[in-house]
Amino acid sequence: MTAAPANLSAVPAAAAAADALVELRDVSFGYSKDRLILSGINLTVPRGKLVAVMGGSGCGKTTILRLLCGQIRPSVGEVRVEGRSVAAMSREEIYAHRRRLGMLFQFGALFTDMTVHDNVAFPIREHTDLPEEVIRDLVLMKLNAVGLRGTANLKPSELSGGMARRVALARTIALDPQIALYDEPFAGLDPISLSVVGQMIRRLNDALGMTSILVTHDIMQSMKIVDYIYFISEGRVIAEGDVPSIRASHDPFVRQFVDGEPDGPVHFHYPAKPLAEDFA
Amino acid sequence: MSMLARLLRRLGRASIGAIERLGFVTRFYFAILRQSGTSVVRPQLVVKEIYQAGVLSLIIVMMSGLFIGMVLALQGYETLARFGATESMGVLVALSLVRELGPVVAALLFASRAGSAITAEIGLMKTTEQLAAMEVMAVDPIARVVAPRFWGGVISLPLLAALFSMLGVYGGYLVGVQLIGIDGGSFWGQMQASVDWRYDIMNGVIKSIVFAFAVSLIAVFEGYDAKPTAEGVSAATTRTVVTSALTILALDFVLTVFMFRGGIN
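Chains A and B, in that order, are what the protein sequence lines are.
Under this note's numbering, the first sequence has 11 at position 11, and the numbering climbs by one with no breaks.
Under this note's numbering, the second sequence has 189 at position 189, and the numbering climbs by one with no breaks.
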């Protein structure tokens with residue numbers, strides 16, 4: 001039997017569920033029957049909040065984002081956005097649903113054959129009939145919001161990793177999405193870019209009235225900006241809570257994650273036969 | 001298990017795998033046709049791909065056509081001179097090119113130059129999550145990326161094959177008339193009298209259109225189906241060239257049997 005996740009927050013999960021925009025109910029998913037990536041996940045994201053989903057590499061965090069986009073369907077359980085099951089949506093409904101989403105990919109996923117300007121303009125051109133002058137102004141406003149108005153005519157290959165991530169962020173918010181999904185936005189960034197991107201995610205969430213889900217393993221940066229945190233391990237939610245309760249938590253998994261301990265509930269080593277046997 | 005049983009099992013597995021893949025390709029082809037509306041409404045997407053696949057292949061295709069025409073004339077002169085029929089060189093060069101070499105060699109060159117580039121580009125877009133990003137932005141990558149490249153290839157190759165044949169004939173003229181000294185009037189006159197518009201030229205054009213569909217489909221499919229790794233893209237690019245070459249040659253045989261029959265009754 002699976003142990004219930006530790007709810008470390010003072011706010012009961014049921015209260016948050018009342019205004020839930022995104023809900024995962026008992027969701028399991030695996031590419032094959034014998035290896036589940038997610039196993040009975042329950043997760044709620046209230047409207048207007050910035051929620052982090054944390055866990056080690058390969059624990060199924062990105063799979064949650066793919067389920068939300070409707071790129072994959074759960075084997076068991078239900079993914080609901082605004083009360084509607086994503087799996088039950090038709091192809092047209094999925095596309096309409098995606099128009100309300102913005103997703104920042106781990107490595108930006110900028111179109112390498114286009115300029116920065118055209119990258120940000122891409123979703124606007126595809127989904128609106130706005131004249132080019134208006135699109136230009138919109139793109140410059142979005143680029144200005146991420147501090148990169150001056151790069152409009154550069155190609156993605158001419159940008160640093162941090163700059164590319166910020167351009168991708170501008171593209172993510174190009175159509176003022178209702179829900180923003182961020183896949184490892186802090187990976188590989190220098191401390192300054194990391195802090196800038198983090199603050200930007202928080203500011204955009206509040207200024208545009210979005211609801212955001214942040215998938216990351218950077219706990220220190222996340223605790224500065226998010227409202228609520230879910231911890232995932234081996235496809236299960238094993239702890240959740242708001243930032244003060246996470247800081248005060250004595251849960252061994254949360255402590256190991258927060259303190260960066262090499263050993264604890266999560267093992268550093270991938271299962272293998274004893275070391276002596278391999279070197280015999 | 002006996003060796004024979006193992007061999008049979010392996011053969012069976014390979015056969016099922018090949019049929020499955022053929023099924024995927026067919027479904028992919030119909031998906032491209034269904035999603036081609038964007039290419040019609042926004043022709044500039046296709047024009048860009050015609051430039052990438054067609055215009056940028058001009059040099060290699062035209063130079064190859066010229067040299068092949070020149071070699072044909074040299075080799076043809078050797079043989080025709082034995083029978084005292086050197087004035088038929090124009091016919092020999094033109095028929096060889098418009099019926100066979102033009103469509104086939106242009107398609108082989110197109111597969112190596114443009115097909116491999118299309119596969120690598122789509123494969124890399126998949127590897128760097130650009131296709132996934134499009135999907136999440138509610139833009140169908142088949143409509144936006146695959147279909148324009150497919151139609152760009154389909155339009156480009158027959159035009160390249162025509163240019164190949166044209167330059168080949170000119171190469172034959174340069175060697176036959178200008179270099180060897182065959183009479184220019186009989187070179188062009190016999191060619192005009194013996195090359196039939198429908199039987200020779202149109203059949204050649206039909207061949208190049210069939211090859212264009214095959215090579216373009218293989219190129220976009222291999223790119224879209226590539227494993228999203230460096231090795232995956234590299235393997236997919238190789239598969240495009242190899243599969244295209246074999247498909248072109250096999251289709252050429254089938255089409256030639258139906259179009260020209262030769263001695264087959």
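Every residue gets a Cβ at the ideal spot worked out from N, C-alpha and C, and that includes glycine.
### Message
Rounded to the nearest angstrom, what separates GLY115 of chain B and THR240 of chain B at their Cα positions?
### Response
7 Å
### Query
Secondary structure at THR115 of chain A, three-state DSSP: helix, strand or coil?
coil
#### Entry: Contact belief for VAL226 of chain A with LEU50 of chain A at Cβ below 8 Å, rounded distance in angstroms
Contact holds; Cβ gap of about 5 Å.
### Query
Within 10 angstroms of its Cβ, does MET3 of chain B collect 16 or more other Cβ (buried), or is it exposed?
exposed
### Message
Please state the DSSP three-state secondary structure of SER233 of chain A.
### Response
SER233 of chain A falls in the strand class under three-state DSSP.
### Task
Let me know the secondary structure DSSP gives ILE155 of chain B once reduced to three states.
helix
### Task
Name the two residues that bound the continuous alpha helix (DSSP H) containing PRO252 of chain A.
Per DSSP, PRO252 of chain A belongs to the alpha helix (DSSP H) from 252-259.
### Message
When you compare the CB of ALA133 of chain B with every CB in chain A, is at least one pair closer than 7 Å?
### Response
yes
### C-beta contact flag for MET89 of chain B and ILE201 of chain B at 7 Å
no
### Message
Does the CB of PRO123 of chain A have a neighbour CB from chain B at under 7 Å?
### Response
yes
### Query
Roughly how many angstroms separate the alpha carbons of THR2 of chain A and MET220 of chain A, rounded to a whole number?
Because the pLDDT of THR2 of chain A is 45, which lies under 50, any placement of that residue in the model is unreliable, and the question is left without a value.
### Query
Would the stretch 109-123 of chain B and the stretch 51-62 of chain B be scored as touching if the rule is three or more Cβ pairs under 8 Å?
yes
### Task
Go ahead and pull the three-state DSSP assignment for ALA280 of chain A.
Coil, per DSSP.
#### Entry: Residues that DSSP places opposite MET103 of chain A in a beta bridge
Beta-bridge pairing links MET103 of chain A to A:LEU181.
#### Entry: Interface residues of chain A facing VAL139 of chain B [CB-CB closer than 7 Å]
GLU126
### Message
Between the alpha carbons of ALA15 of chain A and GLN178 of chain A, how many angstroms are there, rounded?
### Response
For ALA15 of chain A, the predicted model reports a pLDDT of 48, less than 50, meaning its position is unreliable and no value from the coordinates is stated.
### Query
Below 7 Å between beta carbons: does that hold for ASP176 of chain A and PHE105 of chain A?
no
### Task
Could you work out which residues of chain B lie near ARG99 of chain A, taking near to mean beta carbons separated by less than 9 Å?
MET137, ALA138
### Task
May I ask you to report which of helix, strand or coil DSSP gives TYR31 of chain A?
coil
### Message
Tell me which residue opens and which closes the beta strand (DSSP E) that ALA42 of chain A is part of.
### Response
The amino acid at residue 42 of chain A is misidentified as Ala; the sequence shows Asn. Element bounds for ASN42 of chain A: 38-46.
### Query
At a CB-CB cut-off below 8 Å, which residues of chain B make contact with ALA109 of chain A?
The answer, in chain order, is THR128, GLU129, GLN130, ALA132, ALA133.
### Query
Since SER186 of chain B is in the beta strand (DSSP E), which residue starts that stretch and which ends it?
That residue, SER186 of chain B, is in no beta strand (DSSP E); its alpha helix (DSSP H) goes 184-194.
### Query
Between the stretch 56-74 of chain B and the stretch 136-149 of chain B, do three or more beta carbon pairs fall short of 8 Å?
no
### Message
Using only the alpha-carbon positions, how far apart do PHE231 of chain A and VAL105 of chain B sit?
### Response
Looking at the two C-alpha atoms, the distance is approximately 60 Å.
### Task
Could you check the C-alpha separation between ARG82 of chain B and GLN44 of chain B for me, to the nearest Å?
54 Å
### Task
Determine the contact status of PRO148 of chain B and VAL46 of chain B, defining contact as a CB-CB distance below 7 Å.
yes
#### Entry: Contact belief for GLY70 of chain A with ILE94 of chain A at Cβ below 8 Å, rounded distance in angstroms
4 Å
#### Entry: Close-in-space but distant-in-sequence residues of the same chain around ARG100 of chain A (CB under 7 Å, 5 per side omitted)
PRO177, GLN178, ILE179
### Task
Specify the secondary structure class of THR2 of chain A as computed by DSSP and reduced to three states.
Bear in mind that the predicted position of THR2 of chain A carries a pLDDT of just 45, short of 50, making it unreliable; the figure below should be weighed with that in mind. THR2 of chain A falls in the coil class under three-state DSSP.
### Task
Express the C-alpha separation of GLY102 of chain B and LEU167 of chain B in angstroms, rounding to a whole number.
10 Å
### Query
At least one CB of chain D closer than 7 Å to the CB of TYR95 of chain A: is that the case?
Here the protein chains are A and B, and chain D is not one of them.
#### Entry: For VAL254 of chain B, the nearest candidate out of B:LEU217, B:VAL215, B:PHE211 (CA to CA)
B:PHE211
### Task
Pick out whichever of A:ILE246, A:ARG66, A:ALA96, A:ARG73 has its Cα sitting closest to the Cα of ALA88 of chain A.
A:ARG73
### Message
So for LYS207 of chain B, helix, strand or coil by DSSP?
### Response
helix
### Message
Between CYS69 of chain A and chain B, is any beta-carbon pair separated by less than 7 Å?
### Response
yes
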